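S.K.: In this text, residue positions in the sequence shown follow the working numbering: the first is 40, and each later residue adds one. Yeah, the Cβ is synthetic: ideal placement off N, Cα and C, and Gly gets one too. Owing to the predicted nature of the structure, the values given are computational and were not obtained by experimental measurement. This is the structure, below, for whatever I ask next.
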Amino acid sequence: MRPETEAELAQIIRETRVPLSVTGGGSRLRPDEGQGQRLETTGLSGVVLYEPAALTVVVRAGTLLQDLQQILASEGQMLAFEPDLRPGSTIGGVAASNSSGPRRVLVGACRDAMLGVRFVDGRGQVISNGGRVMKNVTGYDLVKLMAGSRGTLGVLSEIALRTAPLPPCAVTLALPGLDAAAALPALTAALSGPFDVSGAGWLPDAGVLLRLEGLPVSVRERRRALTDRLAPFGSLIESDAALWPRLVPRMAQGDLWRVICRPSEAPALLAHLPQVLAMDWGGALIWADLPAGQAPDLPPWSGHATRVTGDHAMTLPATAPLVARLNDSLRRRFDPRALFQGGA
């Protein structure tokens, strides 16, 4: 099913009697998602409103991310939260998965750039929240709620986003030769100073990666100061901007796991993850390769780990009972017939 209007989408949901898998390009599906009858949003495409001077764009959920980025770039703008570009990826899938790249350390996540949403709930009702409000639902910040909901609460039809100017100057710097554990204090030092680092990650073959953006004179001064700060860790050299997309691995030899933590917790977690593929957000996001079907044996920490590829979904630690009840309550509120099986 591929509706081309919001009204058509609402009618399909009202009339359906079978579980639905809501997908855009299907490029961000996780294990156990996509099990119901496929409901594609790619027919809901196009820019509704773009006001470059106001740094605001309103776009239909099925619009290809690549197309939106080209439109913004033609006006010297971008999506500051830097979603990773995948073949067929839609802006609705980006929002539904809260996809956010290395620049999150400076500007926040996708959810922070979302100004408003329109979506169709499990009753087939069109609901709006935030910018361009048509129907509001008192008591919920639906914009934040829909970000990362992975198609389990409703089908996004329209999203209002804050845009940002493209930086006039950007430089990628590297500290090569550091393993993951040795990279952490260097990343912490880079992020704790007045350097306005817009990317801070690590790759096994590249070492620490850091990015500075802004006016050329500012980038030069911050690079000089950052070089001095990181001198105890090695020589800071210029590197390739093409490395940044690799901080979001898409496959592994076994199962790909995504571990979210506090940077201060990362050293203990790394000791239990023998094959780390990448780190981002200054050590707060760790990507690891584990044998197929094996769950990581991690010490207690404040975040969570998610199996991204593999036969079955798994999240560690198990959802707390109170949180599980809250999640169930939200799903019953927006999807009383349990139609939505998840997707992105």
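(1) So the beta strand (DSSP E) Asp-419 belongs to, where does it begin and stop?
(2) Are Gln-314 and Asp-294 closer than 8 Å when you measure CB to CB?
(3) In this structure, does DSSP put Arg-142 in helix, strand or coil?
(4) Could you compute how far the alpha carbon of Trp-326 sits from the alpha carbon of Ala-213?
(5) Let me know if Gly-216 comes out buried or exposed under the rule of 16 or more other beta-carbons within 10 Å of its beta-carbon.
(6) Report the residue ranges of all beta strand (DSSP E) runs contained in full by the region 96 to 164; include only those spanning at least 3 residues, in chain order.
(7) Please report the residue range of the beta strand (DSSP E) in which Arg-67 lies.
(8) Rounded to whole angstroms, what's the CA-CA distance from Ala-135 to Leu-154? Just pull it up for me.
(9) Quick check: what's the CA-CA separation for Gly-115 versus Glu-90?
(10) Give the secondary structure of Met-40 by DSSP, where H, G and I count as helix, E and B as strand, and everything else as coil.
(11) Assign Pro-204 to one of three DSSP states: helix, strand, or coil.
(12) Indicate whether Pro-243 and Cys-208 have their beta-carbon atoms separated by less than 8 Å.
(13) Where does the unbroken beta strand (DSSP E) through Val-258 begin, and where does it stop?
(14) Would Arg-41 and Gly-82 qualify as a contact pair, given that the criterion is a beta-carbon distance under 8 Å?
(15) Taking 8 Å as the threshold (C-beta atoms), are Leu-104 and Ser-128 in contact?
(16) Within its chain, find whatever has a CB closer than 6 Å to the CB of Arg-250; leave out the 5 residues flanking it on each side and keep chain order.
(17) Which residues does DSSP list as the beta-bridge partners of Asp-328?
(18) Taking the C-alpha atoms as reference points, what is the distance between Ser-303 and Ala-220?
(19) Check Trp-340 in the structure and name its three-state DSSP category.
(20) Could you give the DSSP three-state label for Arg-376: helix, strand or coil?
(21) Go ahead and pull the three-state DSSP assignment for Gly-238.
(22) Can you tell me which of Ala-225, Pro-356 and Leu-192 puts its alpha carbon nearest to the alpha carbon of Trp-340?
(23) How should Asp-374 be labelled, buried or exposed, when 16 other C-beta atoms within 10 angstroms of its C-beta is the threshold for buried?
(24) Work out the CA separation of Pro-271 and Asp-106 for me, nearest whole Å.
(25) So, is Ala-225 buried or exposed, given that buried needs 16 or more other C-beta atoms within 10 angstroms?
(26) Report the CB separation of Glu-121 from Gly-147 in whole angstroms; it is logged as a contact under 8 Å.
(27) Since Arg-150 and Ala-186 should fall inside the 8 Å C-beta cutoff, what is the C-beta to C-beta distance between them, to a whole number of angstroms?
(28) Give me, in chain order, the residues of the same chain whose beta-carbon lies closer than 6 Å to that of Arg-268; leave out the 5 immediate sequence neighbours on both sides.
(29) On the CB-based measure, 16 or more other CB atoms within 10 Å of its CB, does Ser-188 come out buried or exposed?
(30) At what residues does the alpha helix (DSSP H) containing Leu-181 begin and finish?
(31) What is the DSSP secondary structure of Ala-199, reduced to helix, strand or coil?
(32) Rounded to whole angstroms, what is the Cα-Cα separation between Arg-67 and Gly-273?
(33) To the nearest angstrom, how far is the alpha carbon of Val-337 from that of Thr-191?
(34) Look at the alpha carbon of Val-176 and the alpha carbon of Pro-58, and state the distance between them as a whole number of angstroms.
M.R.: Taking the structure as given:
(1) Residue 419 cannot be examined here, being either before or after the span of the chain that is shown, 40 to 383.
(2) Within the sequence shown, residue 314 is the residue found at index 275, counting from 1. Within the sequence shown, residue 294 is the residue found at index 255, counting from 1. It is not a contact, given that the beta carbons lie outside the stated cut-off.
(3) On the sequence shown, residue 142 is found 103 positions in, with the first residue counted as 1. In this structure, Arg-142 counts as coil in the three-state DSSP scheme.
(4) Here residue 326 refers to the residue found at position 287 of the sequence shown. Here residue 213 refers to the residue found at position 174 of the sequence shown. Going from the Cα of Trp-326 to the Cα of Ala-213 covers about 19 Å.
(5) Translated into positions along the sequence shown, residue 216 becomes position 177. Gly-216 should be labelled exposed.
(6) Runs found: 153 to 159.
(7) Position 28 of the sequence shown holds residue 67. Segment: none, Arg-67 is in no beta strand (DSSP E) and carries neither H nor E.
(8) Counting from 1 along the sequence shown, the entry for residue 135 is found at position 96. Counting from 1 along the sequence shown, the entry for residue 154 is found at position 115. If I take the Cα positions, the gap works out to 14 Å.
(9) In the sequence shown, counting from the first residue as 1, residue 115 sits at position 76. In the sequence shown, counting from the first residue as 1, residue 90 sits at position 51. About 12 Å.
(10) Position 1 of the sequence shown, counted from the first residue, corresponds to residue 40. Correct three-state label for Met-40: coil.
(11) Within the sequence shown, the letter at position 165 stands for residue 204. Under the three-state reduction of DSSP, Pro-204 is assigned to strand.
(12) Taking the sequence shown and counting its residues from 1, the one referred to as residue 243 is at position 204. Taking the sequence shown and counting its residues from 1, the one referred to as residue 208 is at position 169. No, the Cβ-Cβ distance between Pro-243 and Cys-208 is not below 8 Å.
(13) For this step, residue 258 is matched to residue 219 along the sequence shown. Premise fails: Val-258 lies in the alpha helix (DSSP H), 255 to 268, not in any beta strand (DSSP E).
(14) Residue mapping note: residue 41 aligns to position 2 of the sequence shown, counting from 1. Residue mapping note: residue 82 aligns to position 43 of the sequence shown, counting from 1. Yes, they are a contact pair.
(15) Position 89 of the sequence shown, counted from the first residue, corresponds to residue 128. Position 65 of the sequence shown, counted from the first residue, corresponds to residue 104. The Cβ atoms of Ser-128 and Leu-104 sit closer than 8 Å to each other.
(16) Here residue 250 is taken as the residue at index 211 of the sequence shown, counted from 1. Cβ neighbours of Arg-250 within its own chain (closer than 6 Å, five residues either side excluded): Thr-211, Ser-237 and Gly-238.
(17) Residue mapping note: residue 328 aligns to position 289 of the sequence shown, counting from 1. Assignment of beta-bridge partners to Asp-328 by DSSP yields Leu-295.
(18) If you number the sequence shown from 1, residue 303 lands on position 264. If you number the sequence shown from 1, residue 220 lands on position 181. In this model, Ser-303 and Ala-220 are separated by some 11 Å (Cα to Cα).
(19) Taking the sequence shown and counting its residues from 1, the one referred to as residue 340 is at position 301. Coil at Trp-340, not helix or strand.
(20) Against the sequence shown, residue 376 aligns to sequence position 337. Of the three classes helix, strand and coil, the one that applies to Arg-376 here is coil, per DSSP.
(21) As a first step, residue 238 must be located in the sequence shown, where it is residue number 199. Three-state result, Gly-238: strand.
(22) Within the sequence shown, residue 340 is the residue found at index 301, counting from 1. If we check each option's Cα against that of Trp-340, Pro-356 comes out closest.
(23) Residue 374 sits at position 335 when you count from the first residue of the sequence shown. When all chains shown are included, Asp-374 counts as buried.
(24) If you number the sequence shown from 1, residue 106 lands on position 67. If you number the sequence shown from 1, residue 271 lands on position 232. Using only the alpha carbons, I get a separation of about 44 Å.
(25) Taking the sequence shown and counting its residues from 1, the one referred to as residue 225 is at position 186. So Ala-225 ends up on the buried side.
(26) On the sequence shown, residue 121 is found 82 positions in, with the first residue counted as 1. On the sequence shown, residue 147 is found 108 positions in, with the first residue counted as 1. Not a contact, Cβ separation roughly 11 Å.
(27) Counting from one through the sequence shown, the residue named residue 150 turns up at place 111. Counting from one through the sequence shown, the residue named residue 186 turns up at place 147. Contact between Arg-150 and Ala-186 is confirmed by a C-beta separation of about 3 Å, below the 8 Å threshold.
(28) As a first step, residue 268 is located in the sequence shown; it is residue number 229 there, counting from the start. Ala-228 and Gly-232.
(29) The residue labelled residue 188 in the question sits at position 149 within the sequence shown. The C-beta of Ser-188 has 16 or more other C-beta atoms within 10 Å across all chains shown, which makes the residue buried.
(30) Taking the sequence shown and counting its residues from 1, the one referred to as residue 181 is at position 142. Counting along the chain, the alpha helix (DSSP H) containing Leu-181 begins and ends at 181 to 185.
(31) Counting from one through the sequence shown, the residue named residue 199 turns up at place 160. Three-state DSSP puts Ala-199 in a strand.
(32) In the sequence shown, the residue the question calls residue 67 occupies position 28. In the sequence shown, the residue the question calls residue 273 occupies position 234. Rounded to whole angstroms, Arg-67 and Gly-273 show a C-alpha spacing of 37 Å.
(33) For the purposes of this step, residue 337 is taken as residue 298 along the sequence shown, with counting starting at 1. For the purposes of this step, residue 191 is taken as residue 152 along the sequence shown, with counting starting at 1. The residue asked about is misnamed: residue 337 is Leu in this sequence, not Val. So the alpha carbons of these two residues sit roughly 28 Å apart.
(34) Taking the sequence shown and counting its residues from 1, one reaches residue 176 at position 137. Taking the sequence shown and counting its residues from 1, one reaches residue 58 at position 19. Caution applies to Val-176, whose pLDDT of 49 falls short of 50 and renders its modelled position unreliable; the model cannot decide the point.
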